[in-house]
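Novice: Just add 1 to wherever you are in the sequence shown, counting from 1, and you've got this note's numbering.
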Amino acid sequence: MKGHFERLKFKPALNEIISSVIKAALSLHGSCTAAFRKTAANFHYEFNIRHLAGVFGGLLQAKPTEFTDPEKLVLLWLHESERIYGDRLVSAGDLRKYRGLAAELSKKMFGKFNLAKYFQEKNPEPLVFAPFSKGFDEACYDRIPGVDRLSELLTEALRDYNESNAAMDLVLFEEAMKHVGKITRIISAPSGHALLVGVGGSGRQSLSRLSAFIGQCTTVMIVISGKYSMNDLRTDLQAMYTKAGIKDEGVMFLFTDGQITNEKFLVFINDLLASGDIADLYASEDKDVIRNGVRSACKGAGIPDTPENLWSFFLSRIRKNLHMSICFSPVGDAMRSRARKFPALVNCTVIDWFQPWPKDALRSVGDKFLAEVEQLGPADGALRAGVVDFLPFSFEAVGHQSEKFIEVERRFAYTTPKSFLELIKLYTSMLGKKLLALEDKQYRLSNGLDKLKETAEQVAGLEEVLKEKAVVVEQKAKEADAFAEEVGREKTKVNAEAEKANAESAACEEIAKNVKIQQKSCEEDLAKAIPLVEKAEAALDVLNKKDFQELKSFAKPPAGVDKVCEACMHLMAGIDPSIEVDKKGKVKDTSWKGATKMMGNPEKFLESLKAFKGEIDDGNVPGQNISCARPLTEAEDFTVESMKKKSAAAAGLCEWVINIIMYYDVVITVEPKKQSLREANEMLAGANERLAIVQAQVAELQAKLAKLVAEFDAAIAEKDAVMAEAQKCQNKLEMAQRLIGALGANGVIWEQTVSQIAVDLEVMPGDVLVACSFVSYVGVFTRQYREDCINTFVEFLNKNNVPLSSKCDPLSILASEADMAGWATQGLPSDRVSCENGAIMTNSERWCLIIDPQLQGIAWIKNKEASNNLQITRMGRPKMVATFEASLDQGKTVLIENMGESIDAVLAPVIGRNTIRRGKNRLIKLGDKEINYNPNFRLFMQTKLSNPHYPPEIQAE
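1. From the DSSP output, in three-state form, read off H950 for me.
2. Tell me the start and end of each unbroken alpha helix (DSSP H) in the segment 190 to 258 that is at least 4 residues and wholly inside, in chain order.
3. Would you decide whether G277 is buried or exposed? Buried here means 16 or more other CB atoms lie within 10 Å of its CB.
4. Could you tell me the alpha carbon to alpha carbon distance between G303 and A883, rounded to whole angstroms?
5. Please classify W354: does DSSP put it in a helix, a strand, or coil?
6. What does the Cβ neighbour count give for V834, buried or exposed, with the cut at 16 atoms within 10 Å?
7. Could you spell out where the alpha helix (DSSP H) holding K645 opens and where it closes?
8. Which partner residues of D143 appear in the DSSP bridge assignment?
9. Is M684 helix, strand or coil by DSSP?
10. To the nearest angstrom, how far is it from the Cα of I50 to the Cα of A345?
11. In whole angstroms, what separates the C-alpha of D287 from that of I904?
12. Bridge partners of H324, per DSSP?
13. Could you give the DSSP three-state label for V622: helix, strand or coil?
14. Using a Cβ-Cβ cut-off of 6 Å (strictly less than) and excluding sequence neighbours within five positions of C849, which residues of its own chain qualify?
15. For S774, count neighbouring C-beta atoms within 10 Å of its own C-beta (all shown protein chains included) and say buried if the count is 16 or more, exposed if not.
16. CA-CA distance, F315 and H5?
17. Could you name the residues of the same chain whose beta carbon sits closer than 8 Å to that of R296, not counting the 5 residues immediately before and after it, in chain order?
18. Taking the alpha-carbon positions, what's the G901 to R205 distance?
19. On the DSSP bridge list, what partners appear for R918?
20. Within 10 angstroms of its Cβ, does Q956 collect 16 or more other Cβ (buried), or is it exposed?
21. CB A340 to CB V332, shorter than 8 Å?
22. Can you find the residues in the same chain that come closer than 7 Å, C-beta to C-beta, to I23, ignoring five residues on each side of it along the sequence?
23. Would you list the residues sitting across from C849 in a DSSP beta bridge?
24. From the DSSP output, which residues share a beta bridge with Q872?
25. Looking only at its chain, what residues have a beta carbon closer than 7 Å to the beta carbon of K369, apart from the 5 residues adjacent to it on each side?
26. Per DSSP, what kind of secondary structure is N933 in: helix, strand or coil?
27. Within 10 angstroms of the Cβ of A213, are there 16 or more other Cβ atoms? Answer buried if so, exposed if not.
28. Give the single residue among F938, H950, P936 and D929 whose Cα lies nearest to the Cα of S230.
29. Buried or exposed, going by whether 16 or more other CB atoms sit within 10 Å of the CB of M736?
30. Is there contact here, the segment 253 to 271 with the segment 225 to 243, by at least three beta-carbon pairs under 8 Å?
31. Check the C-beta distance from L812 over to C836 and give it rounded, since I have them as a contact under 8 Å.
32. Thinking C-beta only, is F549 closer than 8 Å to F606?
33. Classify R89 as buried or exposed, calling it buried when 16 or more other Cβ atoms lie within 10 Å of its own Cβ.
34. By the three-class DSSP mapping on this structure, what secondary structure does F329 have?
35. By Cβ distance, which residues of its chain are closer than 7 Å to A825, with the 5 residues on each side in sequence left out?
36. Expressed to the nearest angstrom, what Euclidean distance is found between the alpha-carbon atoms of A103 and P191?
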């Protein structure tokens with residue numbers, strides 16, 4: 002020690018005091034060895050050189066940069082001594098005894114320092130050294146100034162943990178934070194393994210996980226299944242060794258006594274704790290793989306890579322990186338027996354004995370979880386203070402009853418922090434439901450009373466309103482009758498005019514029908530002329546200027562050609578200005594000379610020919626033109642074929658003449674029909690005009706009638722509305738009179754009930770608190786002990802001014818008369834204790850384990866849960882796990898009958914309701930499977946043993 006401080010060049014003042022510290026350490030070790038003797042109960046009260054080395058090992062963590070004050074070094078010695086000696090002690094009395102020894106010795110040897118404040122009876126100043134004193138990024142073993150700084154650091158760590166892991170709802174009260182400091186201190190040292198001894202639900206596992214996170218270790222916990230064996234443990238350990246030894250990563254192996262399904266598991270655990278070198282963990286070929294895995298790191302450290310050196314290097318990493326946190330229960334003989342068979346469990350671990358939660362811690366937890374319960378009033382209110390104070394009181398009171406129960410009745414009952422937390426959870430849930438139900442009932446009854454009062458006040462007014470409504474109804478009826486007469490007169494006028502309009506419409510339809518027939522006849526006749534026109538136009542289309550120039554160039558045309566041209570002149574007489582006509586409109590010169598004159602401008606001539614059809618259509622062609630031309634066409638050689646031999650132009654003109662005359666004949670034939678059609682259309686137009694006038698008159702009359710009808714309908718609607726309103730008023734009056742008659746007597750009862758509910762609302766927080774405490778704590782007790790607990794609870798709440806009902810009875814809060822009657826029909830005995838048991842089972846949010854030597858409870862459960870597809874199994878049955886898998890997924894109820902005093906470790910996640918969130922789903926780990934957790938799943942357990950001894954871990958769940 003002296004050499005260490007001199008070598009690191011601590012300040013002279015520290016070097017001067019180091020001898021005194023060493024003497025004090027030796028003296029305290031001797032005092033502890035003498036004061037705390039090993040007994041059958043306290044088998045681990047054995048202090049040797051290893052423990053003294055542990056104290057000095059803690060002192061050697063001091064750094065000259067942090068330790069400049071001699072008093073701080075003395076404080077470090079006190080802290081390390083309490084970690085080695087004080088944390089092993091099993092009771093608060095032994096711990097007080099140890100602190101008395103430490104206080105006396107420190108006063109004797111270091112009287113110049115004010116050390117008494119760390120040992121005073123009330124509110125001693127906390128003394129915490131931890132490797133995270135400077136934060137989590139810098140490992141520095143130093144003192145944390147106070148509880149506030151410790152809380153700040155651990156709150157930050159918990160927040161970071163919850164962001165990357167399944168969230169833990171931890172309450173970091175002072176004792177819990179000190180345990181985190183202790184565990185991180187242990188696992189920060191090589192071969193540092195923690196043995197955490199405490200009852201189930203005291204936070205050992207949660208605090209271990211947080212400590213591992215702070216120490217940058219991955220927490221590993223084996224998953225027990227029905228077939229988990231030594232080979233499975235070997236495989237899991239090999240995976241941890243690979244991570245810690247080859248990958249050089251920190252690992253915390255979290256191990257509980259509930260996972261020891263085979264005592265042989267402790268053979269491996271014992272070797273791991275003792276040296277890290279577990280016999281038979283690896284085959285020889287596996288060891289070669291490991292040596293190769295660390296070879297480069299070993300060389301990098303400057304160590305020759307011999308097989309022995311490689312294996313030693315691997316084990317040194319195991320001791321540095323792999324730490325165990327072993328969670329054992331102090332109840333029973335199991336821990337003592339295992340420590341005797343596997344001594345490394347005690348000798349090679351640092352023990353942290355979890356003392357019962359102090360009152361301040363319990364109150365802190367209760368205060369935190371009830372902070373959001375608005376029904377308890379303001380934070381500084383008397384009601385909230387009384388309820389919060391009751392939580393640690395009831396926990397302690399039930400603990401005293403449990404001690405008496407064991408001493409007098411030889412029956413075992415335990416209270417654990419887990420049952421304390423379950424009480425708070427149940428109270429929060431039940432209080433909200435009960436108050437909501439009362440407030441809803443109060444609202445409905447108050448609303449009913451208001452309605453009764455309002456109805457009574459309205460009856461007189463309704464009668465007066467009815468009289469007024471009757472006058473209005475009569476007036477509206479007269480107005481509607483007057484409208485009806487006027488509407489009748491107007492309907493007569495409209496009907497007369499409508500008949501006229503219908504007659505005109507029929508005449509128009511007949512004329513239109515004739516017009517359609519004539520139109521069709523004209524169109525059919527004209528359709529016959531279209532081919533003729535097309536032929537005539539086609540004949541012209543093949544002619545051009547050159548053809549007419551050729552024709553015109555004949556000095557003497559071939560026979561017949563002149564006749565064709567003459568026919569053209571007759572047809573075009575009076576139309577083509579180049580053709581001279583006499584006074585009668587006939588062609589003056591029908592000679593070839595006249596013909597050539599007609600064709601003087603071939604293009605214009607051709608255009609005149611093409612426009613000739615239009616002249617016919619417009620009636621511009623005199624009949625004599627056709628009469629003069631027609632005889633020429635009757636000549637034998639006046640044919641297209643004949644003319645083609647003489648002149649192409651003549652052939653075209655010939656075809657045009659023949660067809661255009663035929664077209665003219667058709668047009669002349671159709672013209673009378675067209676004239677008749679025009680006359681018919683004129684008649685139709687006249688008829689339509691007359692019809693429009695009549696229809697306009699009818700429309701005007703109909704509009705007037707529609708307006709009158711609308712006014713009439715409005716008058717009728719108004720009359721009906723007034724009548725309906727009057728009838729509604731009448732119905733309302735009759736209903737109000739019936740309501741007053743029927744419920745008048747009930748109003749008194751309702752008023753009394755509302756007043757009683759107001760009282761119930763005031764006392765409900767206290768009554769529900771007693772009921773929830775009853776459910777959470779006293780189910781294990783017989784009747785007399787139950788009554789004693791209730792009386793104790795009520796007495797405390799009365800003293801602390803928490804309102805309670807005059808006869809505070811948990812059973813009346815937990816179950817109604819109807820509930821108990823239903824249970825009786827299902828086979829539950831109707832005595833007080835049986836009804837209390839039924840109330841506990843139906844209200845508890847924990848699974849129920851019933852002590853049922855007379856088989857009354859199991860008969861009731863089978864009847865009660867038959868509709869929920871009850872599945873019955875027993876511990877150890879081959880299909881037990883399969884039954885749970887199906888029931889968890891499908892929301893069935895499971896009954897484990899005829900249990901012994903232990904529960905299969907594979908069911909631990911189910912018993913503890915340890916569900917996992919996966920998105921919107923909740924899963925539960927059952928062996929090596931993750932099963933969907935249906936919220937309708939229920940579990941009951943039954944034993945025929947009359948006086949079983951279930952450990953606190955089971956009772957807590």
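We put the CB at the ideal spot given by N, CA and C, even for glycine.
Specialist: Taking the geometry as given:
1. coil
2. 205 to 215 and 231 to 242
3. buried
4. 55 Å
5. strand
6. exposed
7. V641 to K645
8. A131
9. helix
10. 15 Å
11. 37 Å
12. M253
13. coil
14. M842 and F941
15. buried
16. 28 Å
17. D306 and L311
18. 26 Å
19. R923
20. buried
21. no
22. M2
23. F941
24. V895
25. V172
26. strand
27. buried
28. D929
29. exposed
30. yes
31. 6 Å
32. yes
33. buried
34. strand
35. S831
36. 27 Å
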